[in-house]
Structures are given as structure tokens and as C-alpha cells.
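4 protein chains.
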Amino acid sequence: MAQARPPRADAVRNRQKILAAAREQITLHGPDAGMDAIAAAAGVAVGTLYRHFPTKTDLVGAVVTEHMERVATDAEAAHARAASGSKAMDEITAFIGTVLEASANDHAVKAAAHTLGAAPGTTEPEDRATAALASLITAAQADGDLHLDVTVRDFYLLITTAPTDQPPAVRARWLTLVLPGLSTHGRGAAG
Amino acid sequence: MAQARPPRADAVRNRQKILAAAREQITLHGPDAGMDAIAAAAGVAVGTLYRHFPTKTDLVGAVVTEHMERVATDAEAAHARAASGSKAMDEITAFIGTVLEASANDHAVKAAAHTLGAAPGTTEPEDRATAALASLITAAQADGDLHLDVTVRDFYLLITTAPTDQPPAVRARWLTLVLPGLSTHGRGAAG
Amino acid sequence: MAQARPPRADAVRNRQKILAAAREQITLHGPDAGMDAIAAAAGVAVGTLYRHFPTKTDLVGAVVTEHMERVATDAEAAHARAASGSKAMDEITAFIGTVLEASANDHAVKAAAHTLGAAPGTTEPEDRATAALASLITAAQADGDLHLDVTVRDFYLLITTAPTDQPPAVRARWLTLVLPGLSTHGRGAAG
Amino acid sequence: MAQARPPRADAVRNRQKILAAAREQITLHGPDAGMDAIAAAAGVAVGTLYRHFPTKTDLVGAVVTEHMERVATDAEAAHARAASGSKAMDEITAFIGTVLEASANDHAVKAAAHTLGAAPGTTEPEDRATAALASLITAAQADGDLHLDVTVRDFYLLITTAPTDQPPAVRARWLTLVLPGLSTHGRGAAG
DNA sequence: GATGAATGAGTATTCATTCAT
DNA sequence: GATGAATGAATACTCATTCAT
């Protein structure tokens with residue numbers, strides 16, 4: 054069985070350029086960004102684009118995955134900080150806020166996911182995020198700060214429904230409304 | 054002064070058929086549903102569709118307004134019940150659930166609103182809903198059941214971000230997560 | 054054989070309103086004026102319009118004929134004046150100018166004729182015009198003012214090619230360029 | 054500095070086929086010729102047509118420009134002949150005839166120009182034609198054959214109003230009627 | 001006779017995808 | 001592998017004409 058030969062250097066470079074351009078164009082014009090426009094932004098011909106991503110769905114999927122990559126990184130960072138002393142529940146709160154901010158700027162990504170019915174499943178980065186978040190949850194529950202029935206799926210549910218396309222003030226308000234559902238401490242003095 | 058003659062019976066029937074078809078098609082394929090497809094689903098020629106709704110935007114707008122109509126009706130009903138003795142906070146809880154269920158079936162409507170940057174403002178039904186909800190809020194706050202800083206906008210924010218396209222179990226879970234942000238009673242015994 | 058019953062008074066009135074509206078709309082928007090627009094301008098429903106003119110071609114044809122009516126009237130007036138002493142050649146010159154001006158304001162009419170390949174033929178008003186012009190030609194030739202080979206067809210050729218859609222100065226210049234082809238007196242001192 | 058790579062051979066061929074088809078279809082059905090029809094006539098898919106001419110206006114513009122190209126070439130040829138001894142006025146006469154014949158076959162072009170309110174200005178070929186004609190005019194005026202007030206604009210006015218859609222005999226007659234407006238020699242012996 | 005709602009073929013244009021160079 | 005020209009189904013919308021009321 055022949056070894057898959059390693060990809061050519063320029064092919065790798067092209068893949069990166071295409072992903073960057075796709076991210077940019079999708080962010081700019083939503084998932085309706087044209088393939089030609091993406092190719093042009095990448096400084097590449099459409100044919101090349103199609104060699105790397107046989108379908109628009111594939112390309113958008115890749116962008117979404119990239120996004121997941123970032124989520125995973127953030128989750129693991131939060132987990133690491135919690136492991137070295139910071140409060141797990143604080144990390145959770147911060148994490149959700151961070152993801153919301155990131156989505157607000159990469160805004161189209163979520164739309165993309167929706168519109169294209171992107172894979173439900175289990176990409177590698179999603180697994181990493183899930184693992185890190187699960188640990189974080191367990192820790193926060195051990196601290197008595199997080200409701201015992203909260204799961205990773207709950208996080209994903211909230212993140213998916215976050216108002217990413219609203220102005221910052223609205224996004225902040227949404228966080229305020231939503232966090233008491235997780236925390237055991239309610240909303241404090243406000244009411 | 055002559056009365057504007059009443060619309061013809063068959064024209065009215067067609068308008069209904071078109072709206073129904075639009076609702077259905079938009080639910081099925083999102084606001085990208087084609088005008089031809091909608092016309093076909095309505096058993097009508099495109100021309101007829103365009104006679105009733107000169108623009109796709111108009112048609113989608115009409116569907117959204119229909120939806121708002123229902124929301125307004127629900128809100129006023131809730132308000133009426135609270136006025137005659139039932140607990141305001143219970144009505145609020147039920148109301149949000151009701152809207153969520155309704156939206157789940159009319160699912161596309163939300164997408165529609167988004168995509169078309171639907172009117173920000175002030176359609177007549179929206180005004181009615183807003184008025185009824187405001188009264189409900191005041192009552193619940195007087196009872197000490199609702200956080201004092203909660204406004205109608207908060208309701209709209211939650212409703213807009215509700216996971217209308219998720220299965221019932223997920224929708225129920227979302228309600229559980231989100232209601233504590235409104236109520237002064239937290240999540241009770243769960244954590 | 055039954056006598057064709059005389060048209061009802063209101064039907065006659067409608068026909069006039071429609072023709073007026075057609076003239077107006079065609080002048081305004083060219084022969085592309087929509088049937089609905091014409092009907093609306095006439096204060097009549099499309100159905101009524103179609104009862105009077107079974108086809109758009111018919112309607113435009115009618116407008117063109119109306120135009121011919123005017124041409125015929127002008128030609129006969131010119132002829133009458135020449136018969137009572139004025140110079141035939143002067144009347145000819147004036148006549149062409151008059152028609153050109155009229156066409157410039159009813160501009161679309163010519164376009165209409167072209168676009169719709171309107172009947173070449175021999176409507177009654179055209180016949181009257183032709184007769185009057187023929188007399189005028191004979192008279193001017195008898196005066197020695199008009200080239201002997203000029204015919205009514207030449208007039209029609211010039212009129213048809215007149216730059217009706219150009220500004221007045223250009224129209225005047227065109228007359229200057231074209232009249233020497235008819236007159237025996239050339240262009241006088243200009244060259 | 055890299056040369057812009059030469060267009061592909063088949064693309065060039067297609068461009069020609071499209072232009073030819075456009076000329077033909079526009080000639081046949083006026084500028085209302087459908088883009089689909091033109092594409093079909095060219096043996097090409099619409100998409101291809103749109104790659105070459107992003108807009109119908111562009112396509113018709115190109116056809117008009119082609120026409121102008123020919124006019125320019127004719128004008129320059131006439132000028133060259135006059136420079137090497139032939140009579141300028143004869144060249145002018147011949148030139149107008151030539152353009153008229155050319156237009157008769159490309160008939161629609163004029164309609165096209167009209168309909169689209171074609172550029173007022175200054176395409177490159179138009180400039181060339183204008184220059185050559187100006188020289189020709191000066192020469193003929195120096196010979197005493199052409200009225201002193203005649204300008205290039207007069208030529209364009211006549212050409213634009215020429216009866217390109219009439220049979221040859223009518224076109225010839227039109228020339229006879231119109232040339233005396235330019236020449237200092239009148240119509241000779243005919244009257 | 002008048003009304004105006006319904007019809008449906010037709011228009012220019014876009015865009016994901018394929019394939020010859 | 002890269003290029004970019006070609007494909008063609010699809011889209012929103014128009015308008016002359018028909019026909020039930």
C-alpha cells in the first residue's frame with residue numbers, strides 16, 4: 054500500500070490562502086459569498102479552489118471547523134487556568150462571553166452553519182472542546198457554583214442561540230439574562 | 054361618498070392560499086423559497102402571486118406580520134387572564150413557552166425576519182403585544198416575582214434567540230435555562 | 054341584413070378616453086407604455102380597453118391613424134391656402150416643418166409605427182393627405198419652384214426619416230439640409 | 054514586468070461568434086432580441102455570453118462600436134484617396150452612400166444606438182472617423198464644392214436619419230434628395 | 001358592457017460546478 | 001496541479017391577454 058505522498062508546499066500555501074479568503078468573505082457577505090469572489094480574494098482561480106474543496110458546503114464546513122478550533126483552544130485555556138487555581142465558574146462565565154464575542158466578529162460563521170445544515174457530528178476540535186468543558190463543569194459543580202444538571206450540551210445550546218448579530222450592549226444583556234440559569238447563585242441583588 | 058368596493062371573494066381566497074403556501078414553503082426552505090415554488094404550492098400562477106404581493110419582501114413581510122398577530126393575541130390573552138386573578142409570573146412563563154412552540158412550527162419566520170432586515174419598528178400588532186407585555190411585567194414585578202430591571206425588550210431578545218429549530222426536548226431545556234434570568238426565585242431545588 | 058346598431062353613448066366616450074390616454078402614455082413612455090398604465094390613465098379597466106382594441110397593435114395603430122388625421126388636416130389646409138393665393142412652395146416648406154414639429158411632440162408615435170410594423174397601407178386619412186399634397190406638388194412645379202421629379206412618396210420618405218427626437222436646433226438644421234433637394238432654388242447664398 | 058497573458062484561442066472564437074450572433078439577432082428583432090436567443094444563435098450558453106459581455110448594454114454597445122469601426126475605416130479610406138488626387142466632394146458623396154449601404158445590412162445597429170441613448174461621446178473609432186471627415190470637409194470646401202457651413206455633425210445627422218430599413222431604390226432616392234443640401238452644385242439638370 | 005383578477009411565457013442576470021487548455 | 005472559460009438551471013419580476021364575476 055503506497056504511502057500518501059505529502060502535499061506539495063504550494064498546495065498547502067494555497068489551502069491556507071483559500072481558507073483565509075473564505076473566512077474574510079463569509080464574514081463580510083455571509084454564506085452567500087460567491088465562490089468566484091472567494092477565489093479572487095485568495096488570489097487563485099476557481100478551479101484551484103474546487104480542487105481543495107470539492108463543494109461549497111465543504112469550504113464553509115472547513116471555515117466552521119476552523120471556528121471550532123478556536124473554541125476548542127479557548128476551552129482548553131479556560132480549563133488550564135482553572136487547573137492552576139482560578140475559579141472554575143469564573144472561567145465558565147468568561148468562556149461563554151469570549152465565544153460570544155468571537156462569533157460576533159466572525160458572525161457569518163454561525164449563519165453559515167445554520168444555512169448549510171453543517172455536520173452535527175464530531176469533528177476533532179469539537180471533541181477537544183467538549184472534553185475541556187466537561188472537566189470545567191465538573192470542577193464548578195464540585196465548587197458548588199454550577200447547577201448539577203448542567204451539561205456540555207447546555208453550553209452548546211446557549212452558544213448556538215446567542216445573539217451574535219446584535220450590538221455589544223444587547224449581547225451583554227443577553228449574558229446577564231442567561232447566566233443565572235447555570236449558576237447556583239442566581240442574579241444577586243438586582244431583583 | 055362611495056365605499057371602496059369589497060374585494061372579490063375569489064381574490065380573498067387566493068390571498069389566503071398564497072399566504073398559507075408562503076408560510077409552508079418558507080418553513081420548509083427558509084426565506085430562499087422561490088416565488089415560483091410558492092405560487093405552485095398555492096395552486097396559482099406567479100402573476101397572481103405578484104398581484105397580491107408586489108415584491109418578495111412584501112410577501113415575507115406579510116408572513117412575519119401574521120406571526121406577530123398571533124404573538125399579539127397570545128400576549129393579550131395572557132394579560133387578560135392575569136387581570137382576572139391568575140399569577141402574572143405564571144402567565145409570563147407560559148407566554149414565552151407558547152410563543153416558542155408557535156415559532157417552532159412557523160420556524161422559518163424568524164429566519165425570514167432576520168434575512169430581510171425586517172422592519173425594526175412598529176407594526177400595529179407589535180404595538181399591541183408590547184402594551185400587553187408591559188402590563189404583565191409591571192404586575193409580576195409588583196408581585197415580587199420578576200426582576201425589576203426586566204423590560205419588554207428582554208422578552209423580545211429571548212424570543213428572538215429561542216432555538217425554534219430544535220426538537221421539543223431541547224426547546225424545553227432552553228426554557229429551563231433561560232427563565233431564572235427573569236424570575237426572582239432562581240431555579241429552585243435543582244442545584 | 055340587420056343594420057349595425059349604433060354604438061352606445063358611453064362606449065363612444067370610453068373609446069375617446071382610451072385614445073387620449075394612449076396618446077399621452079405613448080408620448081410619455083414610448084410604445085412600451087403598458088396596457089394597464091393606459092387603462093388606468095383612461096380611468097377604465099383593462100378589460101374595457103381590450104373590448105375596444107383587441108390588441109396592443111390595434112391600439113397603437115389607432116393612435117398612429119389619429120396622427121395621420123392631423124397630417125391630412127394640415128395638408129388640406131396648406132392646399133387650401135395655396136389655392137387662395139399663397140405660394141405653393143412656401144406652403145410645402147411650412148408643411149414639412151409643421152409635421153416635423155408635431156411629430157417631435159408626439160414623438161413616440163413614429164417609434165410606435167416602426168416598432169410595431171404598423172400597416173403600410175392606405176387608411177382613409179392617408180388618402181386625403183396624399184391627394185392634397187399631390188395638388189400642392191403640381192402647383193409648385195407649375196410655379197417652377199419644385200423639382201419636376203418630386204412625388205408624394207418623397208415627402209413621406211423625408212417625413213419618416215425626420216429627426217423627431219432631436220432638439221429643436223437640430224431639427225431646424227435638418228430642414229435646412231433637406232429642403233434644397235426639393236426646391237429648384239438651391240440653398241441660396243450660404244456657400 | 055509580466056505581459057498580461059493573451060486571451061485563450063477558444064475564448065476569442067466565442068467572442069466572435071457571440072458578436073456575430075448579436076449582430077444578426079439585433080438586425081432581425083431589433084435591440085429587443087433576447088439574450089437567450091443571442092446565446093442560442095451563437096451556439097453558446099447564456100453564461101458564456103455574460104462572461105464576455107456582463108450586461109446587455111455592453112453587448113449592444115459592442116455591436117455599435119463594431120459598426121463605428123467600419124465607419125471610421127471607410128472615412129479614413131476616403132480621406133486617403135482624396136489626399137492622393139481624387140476629388141474630395143466625390144469621396145464625400147461616395148462615403149455617405151457607403152455608410153448607408155453598410156447600415157442597411159446591419160440595420161438594427163441604428164435602432165440599437167437609439168434605444169440605448171448610446172454614448173454621446175467619444176469612443177476611439179468615432180474620434181478617428183470625425184478626424185478623417187473633418188479633413189475631407191475642409192478639402193471639399195477649399196475646392197468650392199461643399200457649402201461652407203457644413204460640419205461633421207451634419208454628416209452624422211444625415212447618417213443617423215438615413216432610411217436604412219428601406220429597399221435599395223428608396224435608399225438611392227433618399228441620397229438624391231439629401232445631397233443637394235451639402236453640395237454647392239444643386240441638383241443639376243433634374244428640375 | 002364593464003370590471004379587475006388570473007394567467008404564464010418571457011426577461012435579464014447570477015452562480016455553483018465542470019472541464020478543456 | 002493551476003487556470004479560467006463554459007455550462008445551464010435558477011431567480012425575481014413584467015406584461016399582453018383571457019375570462020369569471
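Protein chains in written order, with this note's numbering: chain A, 54 to 244; chain B, 54 to 244; chain C, 54 to 244; chain D, 54 to 244.
Cβ coordinates follow ideal geometry from the N, Cα and C atoms, glycine included.
Residues of chain D with a Cβ closer than 8 Å to the Cβ of Gly100 (chain C) do not exist; the shortest Cβ-Cβ separation is about 27 Å. In the three-state reduction of the DSSP assignment, Ser139 (chain D) falls in the coil class. In this chain, Gly197 (chain D) is not harboured by any alpha helix (DSSP H), its DSSP state being neither H nor E. The Cβ atoms of Asp127 (chain B) and Thr151 (chain B) lie closer than 7 Å to each other.
The beta carbon of Leu186 (chain C) sits no closer than 7 Å to any beta carbon of chain D. Contact with chain A is found for Leu210 (chain B), since one of that chain's Cβ atoms lies less than 7 Å from the residue's Cβ. For Gln219 (chain A), there is no enclosing alpha helix (DSSP H), as DSSP marks it with neither H nor E.
Straight across, the Cα-Cα distance linking Leu186 (chain D) with Ala155 (chain C) is about 33 Å. Counting the other Cβ atoms within 10 Å of the Cβ of Glu144 (chain C) gives 16 or more, which makes it buried. For Glu122 (chain B), the closest of B:Thr213, B:Glu179, B:Thr146 and B:Ala133 by C-alpha to C-alpha distance is B:Glu179.
Minimum Cα-Cα distance from Pro216 (chain D) among the listed residues D:Arg206, D:Phe208, D:Leu228 and D:Asp207 corresponds to D:Leu228.
Under the criterion of beta carbons closer than 8 Å, His132 (chain C) and Leu189 (chain C) qualify as touching, at roughly 5 Å.
Taking 7 Å as the CB threshold, Thr214 (chain A) lines the interface with chain B. Chain A has a Cβ within less than 7 Å of the Cβ of Gly234 (chain B). Val117 (chain D) has a beta carbon lying at 7 Å or more from every beta carbon in chain C.
About 5 Å separates the CB atoms of Ala74 (chain B) and Ile91 (chain B); that is less than 8 Å, so the two are in contact. Per the Cβ contact rule, the segment 97-115 of chain B is in contact with the segment 67-83 of chain B (3 or more Cβ pairs under 8 Å). The beta carbons of Val97 (chain D) and Asp89 (chain D) sit no closer together than 7 Å. Residue burial is scored here from C-beta neighbours: Gly234 (chain C) has at least 16 other C-beta atoms within 10 angstroms and is therefore classed as buried. Residue pairing by DSSP puts Ser236 (chain C) in a beta bridge opposite C:Leu199. Restricting attention to C:Arg61, C:Met142, C:Ala94 and C:Ala182, the CA atom closest to the CA of Tyr209 (chain C) is found in C:Ala182. Sequence-distant Cβ neighbours of Arg134 (chain D) in its own chain, meaning closer than 7 Å and more than five residues away, are Glu144.
Proximity of chain B to Asp207 (chain A) at the Cβ level (cut-off 8 Å) is accounted for by Arg226 and Leu230, in chain order.
Distance between Ile212 (chain D) and Asp202 (chain D), taken at the CA atoms: about 17 Å. Residue environment for Asp159 (chain A): buried (at least 16 other C-beta atoms within 10 angstroms of its C-beta). Separation of the CB atoms of Pro84 (chain C) and Val124 (chain C) is rounded to 19 Å, and the pair is thereby denied contact status at 8 Å.
DSSP places Phe106 (chain A) outside any alpha helix (DSSP H), giving it a letter other than H or E. With 16 or more other CB atoms across the displayed protein chains lying within 10 angstroms of its CB, Arg240 (chain A) is buried. A residue is called buried when at least 16 other Cβ atoms come within 10 angstroms of its Cβ; Asp207 (chain A) meets this threshold and is buried.
Of all residues in the segment 66-89 of chain D, only Gly83 and Asp85 come within less than 9 Å of chain C when Cβ atoms are compared, listed by chain position. Distance from the CA of Thr191 (chain D) to the CA of His238 (chain D), rounded to the nearest whole angstrom, comes to 17 Å.
Among the residues facing chain B, Gly150 (chain A) is not included, as its CB has no counterpart in that chain under 7 Å away.
Residue-level contact check: Gly239 (chain D) touches chain C, since one or more beta carbons of chain C fall below 7 Å from its beta carbon. Leu230 (chain D) counts as buried, since at least 16 other C-beta atoms from the protein chains shown sit within 10 angstroms of its C-beta.
Nearest to Ala193 (chain A) by C-alpha distance, out of A:Glu177, A:Ser236, A:Pro220 and A:Ala184, is A:Ser236.
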